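Numbering (our numbering), first residue to last: 41 to 400. For each residue, glycine too, the CB sits at the ideal point set by N, CA and C. Just so it is clear, the structure is predicted and the values come from calculations on it, not from any experiment. First up is the structure itself, then whatever we jot down about it.
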Ligand code: PMP
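Right under this line is the structure:
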């Protein structure tokens, strides 16, 4: 077996311990004589898996009792529609556009109501987070939407926007569980799990109870109504059961690591190794405003597309995989999620130093 350091933006690296445990339980989960993949979602064994997963997530994020946790399908992109369908009572929402995912979410919401782009960093290819301390929030906005960590561009809101009392909705797909959060500041937090938590196929929605109603837009499919899933404990229909089981294992792994405060410390340490190197390199350069840098996704370039391609190719041969930047921006991107060990980042920086020496 030869595991590589996998810098993929998602699906992404998972804790090796979790993968080993899942492998050991593959043929016979806790004496049931079957794998979790083969098990009824109505069985007591699965009910225990989903209940434990929810409780562990509640513990990790200190989720208050007046928030529901939903394990859904359809990826983060499906929420781009579900959010306006469920929350646009006045048919008005304010979006802060800091990258492609926020832009896509805003474009989807435009199908359902009036969308005001109250801030954007499109003017400088999304390389910064705009000042959101005093935005022209719409009087009648049903919510204010952000993408908290911009996977493609490598920026993060280190301070939440001032929503002037309006409900904050956040896509946290690429920073989920990477640091502590104050859930009470949000009305709805959601993310696809395939970056920091588990296999693709599960999206987690954490939503304040007063936002879960029958008063949704006309024509909202049953499956896109939060109330459907909240009332059924995420078991209205067959959930992505195996994915939820892996997420549950990752939650337990996170608890063992010391929870989200410990994860933040670990993630800061890892990111610093890479950013410190980038800041003094004569060849490589980070692409975003320093104050807005993400701890999870680190884009960088040499300034020469051919050299970038050479780097990605040689890094792959050295066991450092998936360093190619997103197709919309080029260059390189190292995603260093929770499960990326510090040794992986050290190996990357050592390789970059060597490449720099050889290509000056
Ligand atoms: N939001 C963010 C921040 C993402 O990074 C991505 C995927 N890379 C998405 C949304 C879309 O997720 P999905 O593919 O699960 O629809």
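Leaving out five residues before and five after residue 314 in sequence, what residues of the same chain have Cβ atoms less than 8 Å from its Cβ? So the qualifying residues of the chain are 338, 374, 376, 385, 388, 389.
Going by DSSP, which residues form a beta bridge with residue 32? Within the shown structure, residues of the chain are numbered from 41 to 400, placing residue 32 beyond reach of any answer.
Between residue 146 and the rest of its own chain, which residues show a CB-CB distance below 8 Å, the 5 nearest in sequence each way excluded? Cβ within range, chain order: 135, 137, 155, 157, 185.
Hey, which unbroken runs of the alpha helix (DSSP H) at 4 residues or more fall wholly within the region 133-184? Counting only runs of 4 or more, we get 140-149.
Unbroken alpha helix (DSSP H) run spanning residue 337, endpoints: Taken as a continuous stretch (DSSP letters only), residue 337 belongs to no alpha helix (DSSP H), being part of the beta strand (DSSP E) at 337-341.
Can you tell which of 202, 316, 228, 76 has the C-alpha that lies nearest to the C-alpha of residue 127? If we check each option's Cα against that of residue 127, 228 comes out closest.
Beta-carbon contacts of residue 133 that lie in its chain and below 7 Å, excluding the five residues immediately before and after: Once the five neighbours on either side are set aside, the close Cβ partners of residue 133 are 124, 149, 153, 155, 181, 182, 183, 185.
Of the listed residues 370, 360, 68, nearest to residue 392 (C-alpha basis): The alpha carbon of residue 392 has as its nearest neighbour, out of 370, 360, 68, the alpha carbon of 360.
In this structure, does DSSP put residue 193 in helix, strand or coil? Note: residue 193 maps to coil in three-state DSSP.
List the DSSP bridge partners of residue 186. In DSSP, residue 186 forms a bridge with 210.
Taking the C-alpha atoms as reference points, what is the distance between residue 301 and residue 244? Rounded to whole angstroms, residue 301 to residue 244 spans 21 Å at the Cα level.
Counting Cβ pairs closer than 8 Å, one from the region 59-77 and one from the region 279-287, do we hit at least three? In this structure the region 59-77 lies against the region 279-287, because at least three pairs of beta carbons, one per stretch, are closer than 8 Å.
What beta strand (DSSP E) runs, 3 residues minimum, are completely inside the region 64-126? DSSP assignment within the region 64-126 yields the following whole beta strand (DSSP E) runs of 3 residues or more, N-terminal first: 107-112.
Just the C-alpha distance for residue 369 and residue 305, rounded to the nearest angstrom, thanks. Distance between residue 369 and residue 305, taken at the CA atoms: about 29 Å.
Pairs of beta-carbons, one from the region 349-360 and one from the region 192-212, closer than 8 Å: are there three or more? No: the two stretches stay apart, fewer than three of their Cβ pairs being nearer than 8 Å.
Range of the contiguous alpha helix (DSSP H) that encloses residue 392: Residue 392 -> alpha helix (DSSP H) spans 382-398.
What do you get for residue 90, buried or exposed, if any count of 16 or more other CB atoms within 10 angstroms of its CB means buried? When all chains shown are included, residue 90 counts as buried.
In angstroms with no decimal places, state the Cα-to-Cα distance between residue 85 and residue 267. Answer to the nearest angstrom: the Cα atoms are 25 Å apart.
Can you name, in chain order, every residue of its own chain whose Cβ lies under 6 Å from the Cβ of residue 41, other than the five neighbours on each side? So the list is empty, once near-sequence residues are dropped.
Separation of residue 47 from residue 380, as counted between CA atoms: Rounded to whole angstroms, the separation of the alpha carbons of residue 47 and residue 380 is 8 Å.
Is any heavy atom of ligand 1 found at a distance shorter than 7 Å from the C-beta of residue 52? No, the Cβ of residue 52 stays beyond 7 Å of every heavy atom of ligand 1.
Can residue 327 be considered in contact with ligand 1, in the sense that its beta carbon sits closer than 7 Å to one or more heavy atoms? Flag unset: Cβ of residue 327 not near ligand 1.
Using a beta-carbon distance below 8 Å, is residue 76 in contact with chain B? The chain labelled as chain B is not found in the depicted structure, where only one protein chain is given.
Strictly by DSSP, which residues pair up with residue 238? Paired residue(s): none; residue 238 is not in a bridge.
I'd like to know whether the C-beta atoms of residue 198 and residue 332 end up nearer to each other than 8 Å. The beta carbons of residue 198 and residue 332 sit closer together than 8 Å.
Residue 322 - DSSP class collapsed to helix/strand/coil: Here DSSP, grouped into helix, strand and coil, assigns residue 322 to coil.
Give me the DSSP bridge partner(s) of residue 277. Beta-bridge pairing links residue 277 to no other residue.
Would you say residue 160 touches ligand 2, meaning its beta carbon is less than 7 Å from a heavy atom? The model depicted lacks ligand 2 and carries ligand 1 instead.
Does the beta-carbon of residue 115, which I'm using as the reference point, lie nearer than 7 Å to any heavy atom of ligand 1? Relative to ligand 1, the beta carbon of residue 115 is positioned inside 7 Å of a heavy atom.
Could you check how far apart the C-beta atoms of residue 232 and residue 218 are, in whole angstroms? I think they sit under 8 Å. For residue 232 against residue 218, the beta-carbon gap comes to about 14 Å, at or over 8 Å, which does not count as contact.
Please name the residue or residues paired with residue 18 in a DSSP beta bridge. Since the first residue shown for the chain is 41 and the last is 400, residue 18 is missing from the structure and cannot be characterised.
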